Amino acid sequence: MSPRADEDVAAWVHGLGLDGIVDLHVHFLPERMLRKVWAYFDSAEEHYGTAWPVHYRTTEQQRLRTLRSFGVRRFAPLVYPHKPGMARWLNQWALEFAERELDAVHTATFYPEPSATGYVDEALRAGARCFKAHVQVGAYDPRDRLLDGVWGALADAEVPLVIHCGHGPLRGEHTGLEVFAEVLRRHPRLVAVLAHAAMPEYEDALELARAYPKVHLDTTMVGVPFTERLSPLPADWPRRLVPVADRIVLGSDFPNIPYPYAAQLRAIAGWASAEERLGEPFLRAVLHDNPAKLLGI
386 MSPRADEDVA
396 AWVHGLGLDG
406 IVDLHVHFLP
416 ERMLRKVWAY
426 FDSAEEHYGT
436 AWPVHYRTTE
446 QQRLRTLRSF
456 GVRRFAPLVY
466 PHKPGMARWL
476 NQWALEFAER
486 ELDAVHTATF
496 YPEPSATGYV
506 DEALRAGARC
516 FKAHVQVGAY
526 DPRDRLLDGV
536 WGALADAEVP
546 LVIHCGHGPL
556 RGEHTGLEVF
566 AEVLRRHPRL
576 VAVLAHAAMP
586 EYEDALELAR
596 AYPKVHLDTT
606 MVGVPFTERL
616 SPLPADWPRR
626 LVPVADRIVL
636 GSDFPNIPYP
646 YAAQLRAIAG
656 WASAEERLGE
666 PFLRAVLHDN
676 PAKLLGI
């Protein structure tokens, strides 16, 4: 069984024996910045060749109520800069947001700039539990030596990094798992969560997870009908998940998704039911246990 609509999600989650779920990949941003993100998606046909109607285009408080109505107990509101000088300001905003909304995990971000190691250390000392890096939007090389201290600090602290480094939905100059793999070779203890399972490089993402025991994959937009038209999963995806089932974590991209939240949960439930070695234990792990462990909840 899986939720047919958003209204079914909370009861479905309870039916799995969970008090709630933990979403490692959602976005809350300063309002002016969020409006610009939505304006970009409004022109998605120009960028991606397909429409991208933001499904949850409401006020911040309405979005919080919506997320909570699904039974989301804790969530990581990810922020990310696209130029120098933004990250420290975003980190302060994210700290204040987490202090205001107690179910929001304290997150932070960075950009390759001389001050990066310093403000990442500040964020870690302030209690940040998760970081976000967006190689595509930031248009930077994750191998940049300005980030060596950042990768080292995150690895030492064992704080997870959600990194968008795959080629989807648009290839960037420095996207691709072969690029980020060089970072992992230098910092093999880095706790990395490959956003969107590094789509469309799904098979490479699984190989990287097998090679590095601290590499995880998040489910964000993976396997839903919208994405299957653009970046379809391998036919034997559920079987391939078995060896790394304890490192698959729920991510949704709420509120910027062009479909209901329930669609992501239906996709994950489909993987669980298609492989007898997954089943409901896998569902409970992905929706709660795995991301909760990463975030120290």
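If you read the sequence shown in our numbering, its first letter stands for residue 386, the second for the next number, and so on. Where a beta carbon is used, it is the ideal one built from N, C-alpha and C, also for glycine. These numbers were taken from a predicted model, which means no experiment stands behind them.
Could you tell me the alpha carbon to alpha carbon distance between residue i and residue j, rounded to whole angstroms?
i       : j       : result
Ala-652 : Ser-637 : 11 angstroms
Arg-423 : Phe-639 : The amino acid occupying residue 423 in the given sequence is Trp; Arg does not appear at that position. For Trp-423 and Phe-639, the distance between alpha carbons rounds to 12 angstroms.
Phe-455 : Glu-445 : 16 angstroms
Arg-389 : Arg-570 : 42 angstroms
Arg-625 : Thr-492 : 30 angstroms
Gln-521 : Thr-560 : 6 angstroms
Leu-463 : Leu-487 : 15 angstroms
Asp-506 : Met-386 : 44 angstroms
Phe-426 : Met-606 : 15 angstroms
Tyr-587 : Ala-648 : 19 angstroms
Do you know whose CA, among the options, lies nearest residue i's CA?
i       : options                               : result
Ala-542 : Lys-599, Leu-509 and Pro-469          : Leu-509
Phe-611 : Ala-580, Val-629, Phe-639 and Tyr-644 : Tyr-644
Ala-518 : Val-394, Ala-396, Ala-390 and His-412 : His-412
Pro-554 : Ser-500, Glu-431, Leu-531 and Glu-563 : Glu-431
Pro-469 : Gly-523, Ala-395, Lys-421 and Ala-461 : Gly-523
Asp-533 : Ser-500, Thr-560, Arg-514 and Cys-515 : Ser-500
Thr-443 : Asp-526, Ala-479 and Ile-642          : Ile-642
Ala-513 : Lys-599, Trp-478 and Leu-618          : Trp-478
Val-609 : Lys-599, Trp-656, Glu-563 and Leu-409 : Trp-656
Asp-404 : Pro-573, Val-457 and Pro-676          : Val-457
Phe-495 : Ala-483, Arg-528 and Val-535          : Val-535
Phe-482 : Thr-451, Lys-421, Leu-680 and Glu-416 : Glu-416
Terminal residues of the continuous beta strand (DSSP E) containing residue i?
i       : result
His-572 : Premise fails: His-572 is in no beta strand (DSSP E) and is neither H nor E.
Val-547 : 546 to 549
Asp-603 : 600 to 603
Tyr-460 : Per the sequence presented here, residue 460 reads as Phe, with Tyr not at that position. Phe-460 -> beta strand (DSSP E) spans 457 to 462.
Could you tell me how far apart the beta carbons of residue i and residue j are, in whole angstroms, since I believe they sit closer than 8 angstroms?
i       : j       : result
Ala-630 : Phe-667 : 5 angstroms
Ala-590 : Ala-583 : 4 angstroms
Tyr-525 : Pro-497 : 5 angstroms
Val-398 : Leu-672 : 7 angstroms
Excluding the five sequence neighbours on either side, which residues of its own chain have a C-beta within less than 6 angstroms of the C-beta of residue i, listed in chain order?
i       : result
Arg-473 : Tyr-504
Ser-616 : Gly-553, Met-584 and Pro-585
Ala-677 : Val-407
Specify, as a first and last residue, the run of the alpha helix (DSSP H) that residue i falls within.
i       : result
His-399 : 391 to 400
For residue i, collect the residues of the same chain with a Cβ closer than 8 angstroms to its Cβ; drop the 5 residues on either side in sequence, then sort them by chain order.
i       : result
Gly-434 : none
Ala-594 : Leu-579, Val-600, His-601, Leu-602, Val-629 and Arg-632
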